[in-house]
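K.L.:
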Amino acid sequence: MTVAVRFAPSPTGLLHIGNLRAALTNWLFARKAGGSFLFRLDDTDEERSTPEFAAAIEEDLRWLGLDWDRFARESDRYGRYDAAVAALKRAGRLYPCYETAEELALKRAALLSQGRPPIYDRAALRLGDADRARLEAEGRRPHWRFRLEPGEIVWDDLIQGHKSFQAADLSDPVLIREDGRPLYTLTSVVDDQDFAITHIIRGEDHVTNTAVQVQLFQALAEAEGQGGVPVFAHFPLIAGAEGEGLSKRLGSFSLRSLREQGVEPLALCSYMAKLGTSDAIEARLSLAELAAEFDLARMGRGTPRFDPEELARLNAQVLHAQPFAAVQERLRALGLDGADDAFWLAVRPNLTRLADALDWWQVAHAPLTPVIGDTAFAAAAAELLPSEPWGPETWGAWTAAVKERTGAKGKALFLPLRLALTAREHGPELKTLLPLIGRERALKRLSGRTA
Ligand SMILES: Nc1ncnc2c1ncn2[C@@H]1O[C@H](COP(=O)(O)OP(=O)(O)OP(=O)(O)O)[C@@H](O)[C@H]1O
Numbered sequence: 027m028t029v030a031v032r033f034a035p036s037p038t039g040l041l042h043i044g045n046l047r048a049a050l051t052n053w054l055f056a057r058k059a060g061g062s063f064l065f066r067l068d069d070t071d072e073e074r075s076t077p078e079f080a081a082a083i084e085e086d087l088r089w090l091g092l093d094w095d096r097f098a099r100e101s102d103r104y105g106r107y108d109a110a111v112a113a114l115k116r117a118g119r120l121y122p123c124y125e126t127a128e129e130l131a132l133k134r135a136a137l138l139s140q141g142r143p144p145i146y147d148r149a150a151l152r153l154g155d156a157d158r159a160r161l162e163a164e165g166r167r168p169h170w171r172f173r174l175e176p177g178e179i180v181w182d183d184l185i186q187g188h189k190s191f192q193a194a195d196l197s198d199p200v201l202i203r204e205d206g207r208p209l210y211t212l213t214s215v216v217d218d219q220d221f222a223i224t225h226i227i228r229g230e231d232h233v234t235n236t237a238v239q240v241q242l243f244q245a246l247a248e249a250e251g252q253g254g255v256p257v258f259a260h261f262p263l264i265a266g267a268e269g270e271g272l273s274k275r276l277g278s279f280s281l282r283s284l285r286e287q288g289v290e291p292l293a294l295c296s297y298m299a300k301l302g303t304s305d306a307i308e309a310r311l312s313l314a315e316l317a318a319e320f321d322l323a324r325m326g327r328g329t330p331r332f333d334p335e336e337l338a339r340l341n342a343q344v345l346h347a348q349p350f351a352a353v354q355e356r357l358r359a360l361g362l363d364g365a366d367d368a369f370w371l372a373v374r375p376n377l378t379r380l381a382d383a384l385d386w387w388q389v390a391h392a393p394l395t396p397v398i399g400d401t402a403f404a405a406a407a408a409e410l411l412p413s414e415p416w417g418p419e420t421w422g423a424w425t426a427a428v429k430e431r432t433g434a435k436g437k438a439l440f441l442p443l444r445l446a447l448t449a450r451e452h453g454p455e456l457k458t459l460l461p462l463i464g465r466e467r468a469l470k471r472l473s474g475r476t477a
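Pasting the structure below:
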């Protein structure tokens, strides 16, 4: 069997880290199994779906490096859904219902007030032709429900283990709206069947959907003579740092905003691939590495919380491991045309975001006002500055001379030099930064001048 999985977001907002978990889990599963990954836009909710969000989702996936083997858009497939609907009607599995949203809300409220579960009472199944004609004459248009067969619905979930539902505990799902448009429950099953999806891996918010969809897969397979029921895996939803839920529509932790904050795609993918698993959370330097380590069985059942600090740590790990060639273009885009290997190696260990390189570039190459405490000490240091050319050994030779002349050592030696040369208490090793600053500028800064 060739593994085929899909990521099927609705283009109703920007992808968030929870959606990324879904996309990434499927992608890693496909790549590890040598299978195929389908990117499908579930865009039949026309009120809320927009082409802009669809384009943004596509851009986010490209940014992350999650490439797809196949692409589909539900809005291109209405003809196919019509055919599936006709087949289900012929098989007697769809029935027209005429209740308004208000009437249904009242029914639900009445059941809840009696302490009973708000399951649809199937009143529409008891309507005769004359009742339906009368309702239609009143101007009512039907929506259509899928008639669940009584009995137990079971599947072996790759994460949650054996799952069992009684059909009688579930409402017959509405598959077609009053305006004739098919709903998600139907369209996603038709697509999964047509694209021969073998594994549906998604958040546990879909577990109840899965229960009804298992019967829908079976009904469609019987009615159309093709397909079967895929294997399911439902992973826990990721919560925000305070335990709050995430939603595309609320714009929580969007990948877009994280990107704008300077988060590296590999840091995000490393985090989302490992969060809530039994593996240690450490940065990986390629998606292929993550795919090789991927195993659904390592996913836990608890609700993992997203921790921005953990992500920042991974971001630094990823940056610190990048060779100059991997970031050259991006440094150029930041305006650092003159950045070279030496600059990158000097500042890399101090970055938590790539854009921080700009600060260090300025420290090395743009005027700054030095911080001088003891002018006599700074003057002595200036006098002892070796002549150029400078290399990594210059700093050691120079500070040894300053130490000998002034008697200062340890922090009392290094901190005033750092403050004079960079106006900062911390930063890249001066051994690598000093040659980038150069003798002329260092001399001026040590004499207290802005340079
Ligand atoms: N917090 C979350 N953690 C993990 N996965 C999630 C989370 N929220 C959604 N998903 C998964 O993302 C995938 C895409 O779902 P969907 O497009 O419905 O996103 P959504 O954020 O729930 O959207 P909306 O807010 O529009 O309902 C699904 O597999 C869903 O299970």
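Each number in the working numbering comes from the position in the sequence shown (counting from 1) with 26 added on. Beta carbons are placed, not taken as given, at the ideal position from N, Cα and C, and that holds for glycine. Since the structure is predicted, the reported quantities are computational estimates derived from the model, not experimental observations.
So what does DSSP say about V257, is it helix, strand or coil?
P.N.:
Of the three classes helix, strand and coil, the one that applies to V257 here is strand, per DSSP.
K.L.:
Does the Cβ of T213 have 16 or more other Cβ atoms within 10 Å, making it buried, or fewer, making it exposed?
P.N.:
By the neighbour-count rule (16 or more Cβ atoms within 10 Å), T213 is buried.
K.L.:
Measuring only the C-alpha atoms, how far is L357 from R379?
P.N.:
Spanning the two alpha carbons is a distance of roughly 12 Å.
K.L.:
Tell me which same chain residues have a C-beta within less than 8 Å of the C-beta of G464, skipping the five on either side of it?
P.N.:
E414, W416, listed in sequence order.
K.L.:
Beta carbon of A48: closer than 7 Å to some heavy atom of ligand 1?
P.N.:
Under cutoff, so the answer is yes.
K.L.:
Please report how far the alpha carbon of A299 lies from the alpha carbon of S62, in whole angstroms.
P.N.:
Their Cα atoms are separated by approximately 19 Å.
K.L.:
Using C-beta distances below 7 Å, list every residue in its chain close to D183, excluding the 5 sequence neighbours before and after it, in chain order.
P.N.:
Excluding positions up to five away in sequence, the list reads K189, F258, A259, H260.
K.L.:
How about K274: is its Cβ closer than 7 Å to a heavy atom in ligand 1?
P.N.:
Yes, the beta carbon of K274 sits closer than 7 Å to at least one heavy atom of ligand 1.
K.L.:
Count the other CB atoms within 10 Å of the CB of E100; is the residue buried (16 or more) or exposed (fewer)?
P.N.:
The residue is buried, with at least 16 neighbouring Cβ atoms inside 10 Å.
K.L.:
Whose CA, out of R96, A110, L41, lies closest to the CA of A249?
P.N.:
Nearest C-alpha to A249: A110.
K.L.:
Rounded C-beta distance between S296 and L316? I'm assuming under 8 Å.
P.N.:
Contact holds; Cβ gap of about 7 Å.
K.L.:
DSSP on S190, reduced to helix/strand/coil?
P.N.:
Of the three classes helix, strand and coil, the one that applies to S190 here is strand, per DSSP.
K.L.:
Is DSSP giving W170 helix, strand or coil here?
P.N.:
Of the three classes helix, strand and coil, the one that applies to W170 here is strand, per DSSP.
K.L.:
Could you give the residue range of the beta strand (DSSP E) that holds G229?
P.N.:
Note, G229: beta strand (DSSP E), 225-229.
K.L.:
What residue range does the beta strand (DSSP E) around Y107 cover?
P.N.:
Not the beta strand (DSSP E): Y107 falls in the alpha helix (DSSP H), residues 104-116.
K.L.:
Quick one: residues in its chain with C-beta nearer than 8 Å to the C-beta of S312, no 5 flanking neighbours on either side, listed in chain order?
P.N.:
Taken in chain order, the residues that qualify are L292.
K.L.:
Taking all protein chains shown into account, decide if W89 is buried (16 or more other Cβ within 10 angstroms of its Cβ) or exposed.
P.N.:
Classification for W89: exposed.
K.L.:
Residues in the same chain with beta-carbon distance under 6 Å from A404, minus the five sequence neighbours each way, listed in chain order, please.
P.N.:
Hits under 6 Å: I398, A446, L472.
K.L.:
Please name the residue in Q287, G328, T401 whose C-alpha comes closest to that of R475.
P.N.:
Ranking the options by Cα distance to R475, first place goes to T401.
K.L.:
Compute every distance between the C-beta of N45 and the non-hydrogen atoms of ligand 1, then say whether any falls below 7 Å.
P.N.:
Indeed, a heavy atom of ligand 1 lies less than 7 Å from the Cβ.
K.L.:
Thinking T51 and I227 are a contact (beta carbons under 8 Å), I'd like their distance in whole angstroms, please.
P.N.:
At roughly 5 Å, the Cβ-Cβ gap stays under 8 Å, so T51 and I227 are in contact.
K.L.:
Work out the CA separation of W94 and A347 for me, nearest whole Å.
P.N.:
C-alpha separation (whole angstroms): 27 Å.
K.L.:
Put D182 into one of helix, strand or coil per three-state DSSP.
P.N.:
DSSP places D182 in strand when its eight states are reduced to three.
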